[in-house]
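> The sequence shown runs 1 to 149 under the UniProt record's numbering. Idealized CB from N, CA, C, for every residue including glycine. Given the structure is predicted, the values throughout are model-derived calculations rather than measurements.
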Amino acid sequence: MNAQQETLATTMPTDYLRIVVDKNTEPFWQAARERRLVAPQCSECGTFRLPPTPFCPTCQSKSVNWIELSGAATVYSFAVVYGMPGMPEVTLVPAVLELPDAPGARLVSNIIGVTPAQVSIGMAVRVDFCPANDGWMLPVFHPDRPGKE
């Protein structure tokens, strides 16, 4: 195994993270600030949607309920990024995650605290939160270890 494969995945350094909030995304980010994962669900037809949008892609309704999720997810797809310009030591594992509590919705986030070789499609992961700028919290995921909440 080479040094890159042994490096633990992390997120971007907080100096590079900027959370941009608008009226459609604010409930998501406010919940994250409270260390809760939520998803918007159409109150007309029940469709979940992430990222949050101004209207339901299924029925076009603007009516939405924000549903608190368990934080469990499954890796649908992922990539591995070894280094970035000016940050050769950074190893990122951005992933597309399926959320069993929000059928049909997928969330893009980072898997952290594992070597990239440990990540696989179908892997069970659980949400955690790391600080970003301006008091915001960024949802990130780590391998789900039964018995740890």
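DSSP three-state label for Asp128, please.
In this structure, Asp128 counts as strand in the three-state DSSP scheme.
> Under the DSSP definition of a beta bridge, which residues are partnered with Ser70?
In DSSP, Ser70 forms no bridge with anything.
> Look at Arg35 and Phe129 and say whether their C-beta atoms are less than 8 angstroms apart.
Cβ atoms of Arg35 and Phe129: closer than 8 angstroms.
> Where does Thr115 sit, in a helix, a strand or coil, going by DSSP?
Three-state DSSP puts Thr115 in coil, outside helix and strand.
> Report yes or no: do three or more beta-carbon pairs, one from the region 102–109 and one from the region 84–91, lie closer than 8 angstroms?
With the cut-off at 8 angstroms, the region 102–109 and the region 84–91 do not touch.
> Can you look up Asn24 in the DSSP assignment and give me helix, strand or coil?
Note: Asn24 maps to coil in three-state DSSP.
> Could you pull out every residue in the same chain whose Cβ sits closer than 7 angstroms to the Cβ of Leu17, ignoring the five residues on either side in sequence?
For Leu17, where only same-chain residues beyond five positions count, the Cβ hits under 7 angstroms are Ala132, Asn133 and Leu138.
> Given that a residue counts as buried once 16 or more other Cβ atoms are within 10 Å of its Cβ, and exposed if not, what is Ala79?
Classification for Ala79: exposed.
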